[in-house]
Structure formats: structure tokens, C-alpha cells
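Note sheet for the following structure.
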Amino acid sequence: MNRIVVVGASLAGLTAAETLREEGFDGELILINGETHIGYDRPPLSKKILSGAMNATEVTLKPAEFFTANCINHRIGMRATALDLTARSIALATGEILAFDGLLIATGLRPRPLLRQPVLRGLHMLRTLDDAAALRADMLDTPAIVIVGAGFLGLEVAATARQMGLDVTLVDPMELPMAKQVGRELAAAVLHKHRQQGVEVRCGSSVRSFEESKGQVTGVSLEDGAQLPTKLVVVAIGSLTNTEWLQASGLPLDNGVVCDSFCRAAPGVYAAGDVANWLHPRLGVQMRFEHRMHATEQAMAAARNMLGAGLAFDPLPYFWTDFYDTRIQVFGRIPAEYEMTVLSGHLGESGFTAAFCQGGIVEAVAGWNAARDIRKISTLVGNPAPKEAVAG
Amino acid sequence: MIKIHICEHKCVGAGQCVMASPEVFDQRQDDGIVILLQQQPPDSLVPSVRKAAKLCPALAIRVEET
């Protein structure tokens, strides 16, 4: 293999490039970065970057020397526009054609807008450092914010905005927006926490339209007839995979780049991170994870497999979310139908841990301000369910 | 030899470092923030420390070559 091209230079792309070098690949390595920044860490964008407790330098993933030290041709501010699987080449926005022997796709996500979402001043979405800077500037200048979408991102922005002293209204069409991610019990406890902190939670409400004056958002109208006057709105209703550039390539695309258990989409073509829809080897179903740890681990696996390791990617999924003084951490994947066994503490209080079981097997463990304990019980995942709760 | 630097301000208590290198890292009981058990571990532990730094989801571990 003489030349490997990695498309996407955020966490997954950078980790893949680094791993290729660590594993001994000494050919030409080209990293295509569609953004104008060196790759950075995204979880702080909705928390410490938004609040101002961290700056952009602190979240940059690699120093500039990394690219020269590892002999990586870092094409910053450059987009890939097409893939030709027969010619084994990609096209760049400049029209340049780059041939490859190996291709690693890590083009990630972008925010999903609402249907017919207008472009207005004060109407934000959040994915990039620049998005976070623009949102923060408006938050410092406005007393109130409406957040559309009460998933991880919307809830974290809500908590940060409350801590910055803004009045916060949270709108989501579902009654328990986080139930799929953290289970019904924890989802209810999360909403309770936000209400306690003074957030106006309007679950079961959808946005009908935005009000505007001279290109500035002035309010949100909901389907239930409510009018929410505001000059600041964040839409955080999920993401779209960045796969348009692959549309004509013949690569299998369905909810991202479809890969086998080895993160391989076609001979010599691999995908990793948020964009990769890979075949989970143990569960036997295609899945895509939009979590920080997953991007690192999958990029390492995909890079190694590109060099011939031949190892199925079978991670123990992990995610966390922070709001106010609370951190929820989950190892594994909470199934749609589960039995929850409390292992310690009380729901919604520090020290709470629980196992989520299906068919007598622990599929996930979750903790509420229980970081040390949750790590210890992460070994339960994949094993028979505990007989009964440990008294809390 | 390596020298390890940790940043409590960035740490998110994921515990990946402890799983990768339990001889070098631990977590505080109350909030899960990283505790460094040895700043200059012996060579035998260096690969596990590098793995910990790479897996840390918060860029809280820096490995300095000395």
C-alpha cells in the first residue's frame, strides 16, 4: 500500500491517521480536512466552550507539529467531492484528483435542520467551534433562549445557558426525549433536574414556525398554539451524515456508510466515527454511534484493519452527558425493552447506579454522579443479570 | 522515560485511563476525577499509559518524553 487518504480530520480521521503511523504504515498519508481549524474535541462545545470556561486552544486535538512529525499531508480547508471506486481515486473541491490504495472515510455529521427552517439572525445550530463562538456571543447579549430538541446537545446547552443566567425554554415533540438513550426512569429524572433549575420544559410540543423581523428571529410558534417571544433559538434535533460526496460512488449508503464488522465498506475502503454504520459482530445488526469514545476506538480499529489486522470491531460503548452538577455515564447500549435493577443509591441522586437487562443478560449499566462505581460495574455488561438489587 | 501530566479541569471521569493502566491512574470516589499514582512510571508501563492517553475522551492526559 503506497498511499492512504483519510477524508475527515476530526477525532476519527486524526486518530486513524495517527494509528496508521503507529502501526508502521510508512507510505504517503494524506488527510483531507473540510474545516479551517485543526481537528478539535466536540463534547466541550456545548459545555465549557459555550460557557467560556475553556478556550479553543484547549480543545485542539493535535499541535501543528503532529502533522510534520508524522509525515501527514494535512490538506486543511479542503473538501472531497466525489469517490471513484473503479479508478480508486477521490476528487477534491479544487478539481484535483487523488488516487489512493487505501481510503478511510470519517466525514462525520452536520446538524439536521427542521423542515423549512429559515435562515435568521439569532437562529443557531451547534456542531463546530465557529457555531459555538457565534452562539456564545448571542447568549452574552440576550436574556432568554429557546432550545428546540431535548437530546444530549439541547439539554447540555440548556444547562449551560441557565448557568450563564439566561431564561431557558426547552421544546421537544416527545414526552420523554431521552428515553431511548438513558431509559425512561433516568430520562424523567433528567427533565426533573432541568425543571428544578428553572428551565421551562415543554415536552410534547413541536415548532410550527419562527417569527422574524428584518431577518432577526423574534419568536417561536408551537403547534399547540403557544407563542414564545425570543431573539435567540438553538435547533438541536439531531444530525445528518455527511455522505453526499459518496452518492454517485456505488458505495453502500444507508444511515451513513454501510460497513462490515471490520469497518470495511469496500475492498481497501473503510469508515469510522459518526458516519460509519457498521455491523456489530455480537448483536448482528448494523449500527451507528454518535459518541466521543466510539470515534476513537472505531478509528483505531478501522486503521488497523486497513493494514491487515483482521479484527472485528466489538466495543463496549460508552457515553456521558453533563448538566449542572450532574454527570450521567452509560456503558453498553440500553435496549428498547429492559428490566432495570438498581445496584446502588436512589434515582436522580448522586451515587445511583443501575443495570439494564434483557433476556437475563446485562446490556448496559448507568450511573448518576457515580463515576468510580460505574467504571467498576462496567464489567457486568454482557454477563448474566444480577439476581437482585444491592441495597442503596 | 516519560513524565505524565494530567488536567483535572478537562477530566470527565470516564475511567478509561484506569482501565488501560490501573497501576498509574485511579479516580476520586466522589466525582471520578483522575488521580495520578505515579508521574514517571517504569518503561514496562509506558505502552499502557500511551493507550490511556489516547483513549481519554477529554484530552486530560499528556505524555511528555523525558
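From first to last, the protein sequence lines stand for chains A and B. With my numbering, the residue at position 150 of the first sequence is 150, and numbering never jumps. To convert, take the position in the second sequence, counting from 1, and add 392; that gives my numbering. For each residue, glycine too, the CB sits at the ideal point set by N, CA and C.
Do you know whose CA, among the options, lies nearest residue i's CA?
| i | options | result |
| --- | --- | --- |
| Gly367/A | Ala187/A, Val217/A, Pro111/A | Ala187/A |
| Ala161/A | Leu153/A, Met139/A, Val171/A, Ser213/A | Met139/A |
| Pro143/A | Thr230/A, Gly108/A, Cys259/A, Val220/A | Thr230/A |
| Val5/A | Ala150/A, Ile105/A, Gly34/A | Ile105/A |
| Thr68/A | Ala133/A, Ile30/A, Gln227/A, Leu85/A | Ile30/A |
| Cys357/A | Glu339/A, Ala53/A, Asp322/A | Glu339/A |
| Val199/A | Leu380/A, Met164/A, Ser209/A, Val217/A | Met164/A |
| Phe331/A | Glu337/A, Asp131/A, Ala370/A | Ala370/A |
| Ala272/A | Tyr40/A, Asp26/A, Pro118/A, Thr296/A | Thr296/A |
| Phe100/A | Ser261/A, Glu212/A, Ile32/A, Ser209/A | Ile32/A |
| Val416/B | Ala444/B, Pro449/B, Met393/B, Glu457/B | Ala444/B |
| Arg282/A | Ala312/A, Asp254/A, Cys263/A, Arg264/A | Ala312/A |
| Met1/A | Ser10/A, Gly24/A, Cys263/A | Gly24/A |
| Val59/A | Asn70/A, Asp41/A, His74/A, Arg75/A | Asp41/A |
| Asp141/A | Val233/A, Val7/A, Gly360/A, Gly27/A | Val233/A |
| Leu246/A | Gly348/A, Thr81/A, Asn70/A | Thr81/A |
| Arg208/A | Gly359/A, Lys214/A, Gly219/A | Gly219/A |
| Asp422/B | Ile145/A, Ile374/A, Leu135/A | Ile374/A |
| Asp167/A | His291/A, Ile145/A, Leu228/A | Ile145/A |
| Leu120/A | Ala134/A, Leu240/A, Ala355/A | Ala134/A |
I'd like the list of long-range same chain contacts for residue i, defined as Cβ closer than 7 Å, with 5 residues on each side in sequence excluded.
| i | result |
| --- | --- |
| Gly392/A | Its pLDDT being 39, under 50, Gly392/A is placed unreliably by the model, and nothing is read from it. |
| Gly407/B | Gln419, Gly424 |
| His294/A | Pro315, Pro317 |
| Glu65/A | none |
| Val390/A | In this prediction, Val390/A has a pLDDT of 48, which is less than 50 and means its spatial position is unreliable; what the coordinates show is noted afterwards. Only Leu343, Ser344 meet the Cβ criterion. |
| Ile377/A | Leu343, Thr353, Val365 |
| Ile237/A | Arg112, Leu114, Val148, Gly149 |
| Ile97/A | Ser89, Ala91 |
| Glu156/A | Ser46, Lys47, Thr321, Asp322, Phe323 |
| Leu14/A | Gly39, Leu61, Lys62 |
| Gly447/B | With the sequence shown as reference, residue 447/B is identified as Leu, and Gly is not the correct amino acid for it. Contacts found: Gln408, Ala412. |
| Ala266/A | Leu85, Leu251 |
| Val441/B | Ile394, Ile396, Ser413, Val416, Pro433, Val455 |
| Val201/A | Leu170, Leu191, His194, Arg195 |
Among all the DSSP beta bridges, which residues are the ones paired with residue i?
| i | result |
| --- | --- |
| Pro384/A | Ile361/A |
| Glu457/B | Ile394/B |
| Asn70/A | According to DSSP, which records beta bridges pairwise, Asn70/A is partnered with nothing at all. |
| Tyr270/A | Leu104/A, Arg264/A |
| Trp368/A | Ile328/A, Phe352/A |
| Met340/A | Phe356/A |
| Cys259/A | Trp278/A |
| Ile145/A | Val168/A |
| Ile425/B | Per DSSP, none; premise fails for Ile425/B. |
| Ile32/A | Val7/A, Arg75/A |
Note the first and the last residue of the continuous alpha helix (DSSP H) segment covering residue i.
| i | result |
| --- | --- |
| Val190/A | 184-196 |
| Val59/A | 56-59 |
| Leu50/A | 48-51 |
| Gln408/B | 408-412 |
| Gly13/A | 11-22 |
Less than 8 Å between C-beta atoms, sequence neighbours within five positions excluded: which residues of the same chain meet that for residue i?
| i | result |
| --- | --- |
| Pro439/B | none |
| Leu451/B | Cys399, Lys402 |
| Cys263/A | Tyr270, Ala271, Ala272, Ala276, Trp278, Gln298, Ala301, Ala302, Asn305, Phe313 |
| Lys193/A | Phe323, Tyr324, Thr326, Gly348 |
| Arg75/A | Ile30, Leu31, Ile32, Asn33, Leu92 |
Grab the span of the beta strand (DSSP E) containing residue i for me, first residue to last.
| i | result |
| --- | --- |
| Asp84/A | 80-84 |
| Asn305/A | It is not in any beta strand (DSSP E) - Asn305/A instead sits in the alpha helix (DSSP H) that spans 292-306. |
| Ala87/A | No beta strand (DSSP E) contains Ala87/A, which DSSP labels as neither H nor E. |
| Ser350/A | Segment: none, Ser350/A is in no beta strand (DSSP E) and carries neither H nor E. |
| Ala276/A | 276-279 |
| Val217/A | 216-222 |
| Phe417/B | 417-419 |
Near residue i, which residues of its chain fall below 6 Å by C-beta distance, leaving aside the five closest residues on each side in sequence?
| i | result |
| --- | --- |
| Met306/A | Gly102, Tyr270 |
| Gly77/A | Thr36 |
| Ala12/A | Ala106, Ala272, Gly273, Ala295, Ala299 |
| Gly154/A | Ile147, Ala236 |
| Met287/A | His280 |
Cβ closer than 8 Å: which chain E residues qualify as neighbours of residue i?
| i | result |
| --- | --- |
| Lys395/B | Among the chains of the structure shown, chain E does not appear; the protein chains present are A and B. |
task = With 9 Å as the C-beta to C-beta threshold (strictly closer), list the residues of the region 416-440 of chain B near chain A in chain order.
result = Those would be Asp418, Gln419, Arg420, Gln421, Asp422, Asp423, Gly424, Ile425, in chain order.
request  = Closer than 8 Å, Cβ to Cβ, to anything on chain B: give me those residues from the region 307-319 of chain A, in chain order.
outcome  = Going along the region 307-319 of chain A in chain order, one finds Tyr318 with a Cβ nearer than 8 Å to chain B.
request  = May I ask you to list, following chain order, the residues of the region 402-416 of chain B that have a beta carbon less than 9 Å from some beta carbon of chain A?
outcome  = Flagged, chain order: Lys402, Val404, Gly405, Ala406, Gly407, Gln408, Val410, Met411.
Positions along the region 342-372 of chain A whose CB lies within less than 7 Å of some CB in chain B = Within the region 342-372 of chain A, the residues whose Cβ lies closer than 7 Å to some Cβ of chain B are Ala371, Arg372, listed in chain order.
Near-chain B residues of the region 30-56 of chain A (beta-carbon distance less than 9 Å), N- to C-terminal order = Those residues of the region 30-56 of chain A that come within reach of chain B (Cβ to Cβ, closer than 9 Å) are Asp41, Pro43, Pro44, Lys48, Ala53, Met54.
task = Determine which residues of the region 283-300 of chain A have a Cβ less than 7 Å from any Cβ of chain B, and write them out in chain order.
result = So the close ones are Arg292, Met293, Thr296.
message = If the cut-off is 7 Å on Cβ atoms, which residues from the region 200-223 of chain A count as contacting chain B, listed in chain order?
response = Against chain B - using a Cβ distance shorter than 7 Å - the region 200-223 of chain A contributes no residues.
ask   = the region 327-340 of chain A: which residues have C-beta closer than 8 Å to a C-beta of chain B, in chain order?
value = Only Arg327, Gln329 from the region 327-340 of chain A bring a Cβ to less than 8 Å from some Cβ of chain B.
Positions along the region 127-151 of chain A whose CB lies within less than 7 Å of some CB in chain B = For the region 127-151 of chain A, no residue has a beta-carbon sitting nearer than 7 Å to a beta-carbon of chain B.
ask   = Can you list, in chain order, the residues of the region 114-128 of chain A whose Cβ is nearer than 7 Å to any Cβ on chain B?
value = Cβ contacts with chain B come from no residue of the region 114-128 of chain A.
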